[in-house]
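Peer 1: I am attaching a structure below and will ask some questions about it afterwards.
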Amino acid sequence: MTDSAAIETALKALGAAPDDGFDIAEAALLLAALDRPGLDLAPYRRHLADLAAALSRIDAGSEVAPRAVALAAVLGAEFGYRGDTESYEDPQNADLLRVIDRRMGLPVALGVLYIFAARAQHWPVCGIDFPGHFLVRVEGEDGALILDPFHHGRIAAPPDMNDLLRRVGGTEAGELQPEHVRQMTGREVLLRLQNNIKARAWRGGDIERTSEILRRMLLVAPAFAPAWRELGVVEGELGRIRQSIAATERFLMLAGDEAASLEAEVFLRHIRRQLN
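In C-alpha coordinates:
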(Lines of atoms letter the chains of each structure in order from A and count residues from 1; the text may use other names and numbers.)
(Lines give C-alpha, C1' and ligand atoms only; values in the text may rest on other atoms or scores of the structure.)
Protein backbone atom coordinates (compact mmCIF):
# COMPACT_ATOMS: atom_id res chain seq x y z
CA MET A 1 0.00 0.00 0.00
CA THR A 2 1.41 3.39 -0.97
CA ASP A 3 0.18 6.87 -0.12
CA SER A 4 0.42 9.91 -2.39
CA ALA A 5 3.34 11.49 -0.55
CA ALA A 6 5.42 8.32 -0.83
CA ILE A 7 4.55 8.00 -4.52
CA GLU A 8 5.59 11.58 -5.21
CA THR A 9 8.88 11.03 -3.36
CA ALA A 10 9.58 7.97 -5.49
CA LEU A 11 8.71 9.87 -8.68
CA LYS A 12 11.04 12.72 -7.72
CA ALA A 13 13.84 10.17 -7.29
CA LEU A 14 13.11 8.83 -10.77
CA GLY A 15 13.08 12.40 -12.04
CA ALA A 16 16.59 12.90 -10.70
CA ALA A 17 17.87 9.69 -12.32
CA PRO A 18 19.86 9.85 -15.57
CA ASP A 19 18.05 8.88 -18.77
CA ASP A 20 20.07 5.66 -19.02
CA GLY A 21 18.79 4.49 -15.65
CA PHE A 22 15.21 5.69 -16.00
CA ASP A 23 12.74 2.94 -15.05
CA ILE A 24 9.92 3.69 -17.47
CA ALA A 25 7.48 0.98 -16.31
CA GLU A 26 7.88 1.75 -12.60
CA ALA A 27 7.40 5.46 -13.29
CA ALA A 28 4.25 4.76 -15.32
CA LEU A 29 2.84 2.56 -12.54
CA LEU A 30 3.53 5.23 -9.91
CA LEU A 31 1.99 8.01 -11.98
CA ALA A 32 -1.16 5.94 -12.46
CA ALA A 33 -1.19 5.08 -8.74
CA LEU A 34 -1.47 8.78 -7.85
CA ASP A 35 -5.12 8.49 -8.89
CA ARG A 36 -5.55 5.48 -6.59
CA PRO A 37 -3.43 6.04 -3.48
CA GLY A 38 -3.39 2.98 -1.27
CA LEU A 39 -3.61 0.52 -4.15
CA ASP A 40 -1.24 -2.43 -3.76
CA LEU A 41 1.18 -2.27 -6.70
CA ALA A 42 2.78 -5.66 -5.97
CA PRO A 43 0.49 -7.60 -8.38
CA TYR A 44 1.33 -5.16 -11.17
CA ARG A 45 5.05 -5.43 -10.52
CA ARG A 46 4.71 -9.23 -10.56
CA HIS A 47 2.95 -8.96 -13.89
CA LEU A 48 5.83 -6.93 -15.31
CA ALA A 49 8.23 -9.59 -14.04
CA ASP A 50 6.07 -12.25 -15.72
CA LEU A 51 6.32 -10.39 -19.05
CA ALA A 52 10.09 -10.24 -18.79
CA ALA A 53 10.35 -13.90 -17.73
CA ALA A 54 8.14 -15.09 -20.59
CA LEU A 55 10.27 -13.20 -23.10
CA SER A 56 13.48 -14.59 -21.58
CA ARG A 57 12.26 -18.15 -22.19
CA ILE A 58 12.36 -17.57 -25.95
CA ASP A 59 15.76 -18.06 -27.55
CA ALA A 60 15.62 -14.94 -29.72
CA GLY A 61 19.37 -14.78 -30.26
CA SER A 62 21.17 -11.63 -31.35
CA GLU A 63 19.41 -10.84 -34.64
CA VAL A 64 16.59 -8.34 -34.78
CA ALA A 65 13.89 -10.35 -36.58
CA PRO A 66 13.65 -13.13 -33.96
CA ARG A 67 13.61 -10.47 -31.24
CA ALA A 68 10.74 -8.64 -32.92
CA VAL A 69 8.84 -11.90 -33.38
CA ALA A 70 9.42 -12.83 -29.73
CA LEU A 71 8.11 -9.48 -28.47
CA ALA A 72 4.95 -9.83 -30.54
CA ALA A 73 4.52 -13.47 -29.49
CA VAL A 74 4.77 -12.68 -25.78
CA LEU A 75 2.98 -9.34 -25.45
CA GLY A 76 0.61 -9.48 -28.39
CA ALA A 77 -0.27 -13.20 -28.44
CA GLU A 78 0.53 -14.84 -25.09
CA PHE A 79 -0.56 -11.94 -22.88
CA GLY A 80 -3.10 -10.54 -25.34
CA TYR A 81 -2.12 -6.88 -25.32
CA ARG A 82 -3.77 -4.88 -28.08
CA GLY A 83 -4.95 -1.42 -28.95
CA ASP A 84 -8.37 -0.29 -27.84
CA THR A 85 -10.09 0.24 -31.18
CA GLU A 86 -13.58 0.39 -29.68
CA SER A 87 -13.10 3.22 -27.15
CA TYR A 88 -9.80 4.86 -28.08
CA GLU A 89 -10.50 8.06 -26.12
CA ASP A 90 -11.27 6.20 -22.87
CA PRO A 91 -8.96 7.67 -20.17
CA GLN A 92 -8.22 4.12 -18.98
CA ASN A 93 -6.15 3.62 -22.13
CA ALA A 94 -3.44 5.97 -20.84
CA ASP A 95 -3.40 4.58 -17.28
CA LEU A 96 -0.86 1.74 -17.09
CA LEU A 97 -2.64 0.07 -14.18
CA ARG A 98 -5.87 -0.13 -16.15
CA VAL A 99 -3.99 -1.08 -19.32
CA ILE A 100 -2.59 -4.09 -17.45
CA ASP A 101 -6.02 -4.92 -16.01
CA ARG A 102 -7.75 -4.70 -19.39
CA ARG A 103 -4.86 -5.81 -21.65
CA MET A 104 -5.55 -2.89 -23.98
CA GLY A 105 -4.64 0.75 -24.29
CA LEU A 106 -3.14 3.55 -26.32
CA PRO A 107 -0.09 2.87 -28.51
CA VAL A 108 2.25 4.70 -26.12
CA ALA A 109 0.92 2.92 -23.01
CA LEU A 110 1.37 -0.46 -24.70
CA GLY A 111 4.77 0.71 -25.88
CA VAL A 112 5.89 1.18 -22.27
CA LEU A 113 5.36 -2.56 -21.74
CA TYR A 114 7.22 -3.52 -24.92
CA ILE A 115 10.14 -1.29 -23.97
CA PHE A 116 10.22 -2.66 -20.43
CA ALA A 117 10.20 -6.30 -21.58
CA ALA A 118 12.91 -5.75 -24.20
CA ARG A 119 15.12 -3.82 -21.80
CA ALA A 120 14.83 -6.67 -19.31
CA GLN A 121 16.62 -8.82 -21.94
CA HIS A 122 19.25 -6.06 -22.41
CA TRP A 123 18.10 -5.51 -25.98
CA PRO A 124 18.56 -2.03 -27.44
CA VAL A 125 15.05 -0.61 -27.67
CA CYS A 126 13.40 2.81 -27.70
CA GLY A 127 10.21 4.62 -28.53
CA ILE A 128 9.69 6.29 -31.89
CA ASP A 129 8.10 9.74 -31.87
CA PHE A 130 5.82 9.01 -34.81
CA PRO A 131 3.08 11.65 -35.21
CA GLY A 132 -0.25 10.53 -33.84
CA HIS A 133 0.72 6.88 -33.33
CA PHE A 134 3.55 5.75 -31.06
CA LEU A 135 5.88 3.01 -32.33
CA VAL A 136 8.76 0.99 -30.85
CA ARG A 137 12.21 0.38 -32.34
CA VAL A 138 14.11 -2.78 -31.37
CA GLU A 139 17.65 -3.60 -32.46
CA GLY A 140 19.81 -6.64 -33.06
CA GLU A 141 23.34 -7.14 -34.32
CA ASP A 142 22.09 -7.05 -37.92
CA GLY A 143 19.93 -3.92 -37.75
CA ALA A 144 16.65 -2.59 -36.39
CA LEU A 145 12.92 -3.04 -36.89
CA ILE A 146 9.97 -0.87 -35.91
CA LEU A 147 6.98 -2.47 -34.18
CA ASP A 148 3.40 -1.31 -33.72
CA PRO A 149 2.27 -2.24 -30.17
CA PHE A 150 -1.30 -1.15 -30.95
CA HIS A 151 -1.59 -3.91 -33.55
CA HIS A 152 -0.20 -6.86 -31.57
CA GLY A 153 3.43 -5.85 -32.14
CA ARG A 154 3.41 -6.30 -35.90
CA ILE A 155 6.38 -4.98 -37.87
CA ALA A 156 5.88 -1.53 -39.39
CA ALA A 157 7.91 -1.29 -42.60
CA PRO A 158 8.40 2.09 -44.36
CA PRO A 159 5.37 1.57 -46.67
CA ASP A 160 3.25 0.77 -43.60
CA MET A 161 4.46 3.95 -41.90
CA ASN A 162 3.69 6.00 -45.01
CA ASP A 163 0.15 4.62 -44.96
CA LEU A 164 -0.11 5.33 -41.24
CA LEU A 165 1.18 8.86 -41.75
CA ARG A 166 -1.55 9.53 -44.30
CA ARG A 167 -4.22 8.04 -42.04
CA VAL A 168 -3.11 10.23 -39.15
CA GLY A 169 -2.26 13.40 -41.06
CA GLY A 170 -4.55 13.20 -44.07
CA THR A 171 -3.61 13.80 -47.68
CA GLU A 172 -1.40 16.74 -46.70
CA ALA A 173 0.91 14.52 -44.62
CA GLY A 174 3.41 13.84 -47.40
CA GLU A 175 6.04 11.12 -47.26
CA LEU A 176 7.91 9.61 -44.33
CA GLN A 177 10.70 11.92 -43.11
CA PRO A 178 13.60 11.35 -40.66
CA GLU A 179 11.86 13.45 -37.99
CA HIS A 180 8.94 11.02 -38.05
CA VAL A 181 11.15 8.22 -36.72
CA ARG A 182 13.06 10.20 -34.09
CA GLN A 183 14.23 7.98 -31.25
CA MET A 184 12.95 8.88 -27.78
CA THR A 185 14.38 8.44 -24.31
CA GLY A 186 12.31 6.56 -21.76
CA ARG A 187 11.52 9.84 -20.02
CA GLU A 188 10.24 11.33 -23.27
CA VAL A 189 8.01 8.29 -23.80
CA LEU A 190 6.51 8.76 -20.35
CA LEU A 191 5.94 12.46 -21.03
CA ARG A 192 4.13 11.56 -24.25
CA LEU A 193 1.90 9.20 -22.26
CA GLN A 194 1.11 11.88 -19.68
CA ASN A 195 0.56 14.42 -22.42
CA ASN A 196 -2.31 12.27 -23.69
CA ILE A 197 -3.97 12.50 -20.27
CA LYS A 198 -3.30 16.23 -20.02
CA ALA A 199 -4.66 16.96 -23.51
CA ARG A 200 -7.89 15.09 -22.79
CA ALA A 201 -8.35 17.02 -19.55
CA TRP A 202 -7.77 20.34 -21.29
CA ARG A 203 -10.14 19.53 -24.16
CA GLY A 204 -12.76 18.51 -21.60
CA GLY A 205 -12.45 21.84 -19.82
CA ASP A 206 -10.98 20.31 -16.65
CA ILE A 207 -8.32 22.92 -15.96
CA GLU A 208 -7.62 21.68 -12.43
CA ARG A 209 -6.86 18.20 -13.77
CA THR A 210 -4.66 19.76 -16.47
CA SER A 211 -2.60 21.48 -13.78
CA GLU A 212 -2.40 18.25 -11.79
CA ILE A 213 -1.03 16.28 -14.75
CA LEU A 214 1.50 18.98 -15.63
CA ARG A 215 2.81 18.87 -12.05
CA ARG A 216 3.10 15.09 -12.29
CA MET A 217 5.05 15.43 -15.52
CA LEU A 218 7.46 17.76 -13.76
CA LEU A 219 8.04 15.23 -10.97
CA VAL A 220 9.71 12.90 -13.48
CA ALA A 221 11.10 15.60 -15.79
CA PRO A 222 11.86 18.69 -13.68
CA ALA A 223 13.91 20.27 -16.47
CA PHE A 224 11.17 19.90 -19.12
CA ALA A 225 10.69 23.57 -19.98
CA PRO A 226 7.47 23.28 -22.05
CA ALA A 227 5.59 21.86 -19.06
CA TRP A 228 6.65 24.80 -16.89
CA ARG A 229 5.41 27.18 -19.61
CA GLU A 230 2.04 25.41 -19.82
CA LEU A 231 1.74 25.26 -16.05
CA GLY A 232 2.24 29.01 -15.86
CA VAL A 233 -0.64 29.57 -18.27
CA VAL A 234 -2.91 27.03 -16.59
CA GLU A 235 -2.27 28.38 -13.10
CA GLY A 236 -3.11 31.83 -14.44
CA GLU A 237 -6.40 30.46 -15.81
CA LEU A 238 -7.14 29.10 -12.35
CA GLY A 239 -6.43 32.48 -10.75
CA ARG A 240 -3.40 31.20 -8.85
CA ILE A 241 -1.25 34.15 -9.79
CA ARG A 242 1.79 33.49 -7.59
CA GLN A 243 2.00 29.89 -8.80
CA SER A 244 1.66 31.13 -12.38
CA ILE A 245 4.51 33.57 -11.89
CA ALA A 246 6.74 30.95 -10.27
CA ALA A 247 6.14 28.44 -13.07
CA THR A 248 6.77 31.03 -15.79
CA GLU A 249 9.96 32.20 -14.10
CA ARG A 250 11.12 28.59 -13.96
CA PHE A 251 10.40 28.23 -17.68
CA LEU A 252 12.50 31.31 -18.43
CA MET A 253 15.42 29.81 -16.48
CA LEU A 254 15.25 26.63 -18.59
CA ALA A 255 14.13 27.87 -22.01
CA GLY A 256 16.52 27.90 -24.94
CA ASP A 257 13.99 29.25 -27.44
CA GLU A 258 14.35 33.02 -27.78
CA ALA A 259 10.92 33.55 -29.33
CA ALA A 260 9.20 31.45 -26.66
CA SER A 261 11.11 33.32 -23.96
CA LEU A 262 9.99 36.70 -25.30
CA GLU A 263 6.39 35.50 -25.36
CA ALA A 264 6.71 34.21 -21.79
CA GLU A 265 8.18 37.52 -20.63
CA VAL A 266 5.17 39.37 -22.06
CA PHE A 267 2.87 36.92 -20.27
CA LEU A 268 4.84 37.35 -17.04
CA ARG A 269 4.49 41.14 -17.13
CA HIS A 270 0.75 40.74 -17.73
CA ILE A 271 0.24 38.25 -14.90
CA ARG A 272 2.33 40.27 -12.43
CA ARG A 273 0.03 43.26 -12.92
CA GLN A 274 -2.78 41.13 -11.50
CA LEU A 275 -1.03 41.14 -8.12
CA ASN A 276 -1.45 44.90 -7.83
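For the sequence shown, the UniProt record's numbering assigns the number 276 to the last residue and increments by one with no breaks.
Backbone N, C-alpha and C define an ideal beta-carbon position, used for all residues, glycine too.
Because the structure is a prediction, the values reported are computed rather than measured.
(1) What is the residue span of the alpha helix (DSSP H) that Ile100 lies within?
(2) To the nearest angstrom, report how far apart Pro66 and Ala60 are at their CA atoms.
(3) Do Val234 and Ile197 have their C-beta atoms within less than 8 Å of each other?
(4) Distance, Cα to Cα, Asp257 vs Ala120?
(5) Taking 7 Å as the limit between beta carbons, can you name the residues of its chain near Leu140, skipping five residues before and five after?
(6) With contact counted as at least three CB pairs below 8 Å, one residue from each stretch, are the region 72-79 and the region 27-36 in contact?
(7) Which of helix, strand or coil does DSSP assign to Arg137?
(8) Am I right that residue 285 and Ala72 are in contact with their C-beta atoms under 8 Å? What's the rounded C-beta distance?
(9) Applying the criterion that 16 or more other CB atoms from any shown protein chain within 10 Å of the CB defines a buried residue, is Val168 buried or exposed?
(10) Could you check what DSSP says for Ala17 in three-state terms: helix, strand or coil?
(11) Does Arg154 come out as helix, strand or coil in the three-state DSSP assignment?
(12) Between the C-alpha atoms of Ser244 and Gly232, what's the straight-line distance to the nearest angstrom?
(13) Should the region 81-93 be called in touch with the region 103-113, which here means at least 3 C-beta pairs below 8 Å?
(14) For a test of the three-state rule: what should DSSP assign to Leu147, helix, strand or coil?
(15) On the three-pair Cβ rule with 8 Å, is the region 115-129 touching the region 209-227?
(16) Let me confirm a value: Asp3 is counted as buried when at least 16 other C-beta atoms fall within 10 Å, else exposed. Which label applies?
(17) Assuming contact is defined by CB atoms lying nearer than 8 Å, are Ile146 and Arg137 in contact in what I supplied?
Peer 2: This is what the structure holds:
(1) Leu96 to Arg102
(2) 5 Å
(3) no
(4) 37 Å
(5) It is Gly, not Leu, that sits at residue 140 in the sequence shown. Once the five neighbours on either side are set aside, the close Cβ partners of Gly140 are Ser62, Glu63, Val64 and Arg67.
(6) no
(7) strand
(8) There is no way to answer for residue 285, as the model of the chain reaches only from 1 to 276.
(9) exposed
(10) coil
(11) strand
(12) 4 Å
(13) yes
(14) strand
(15) no
(16) exposed
(17) yes
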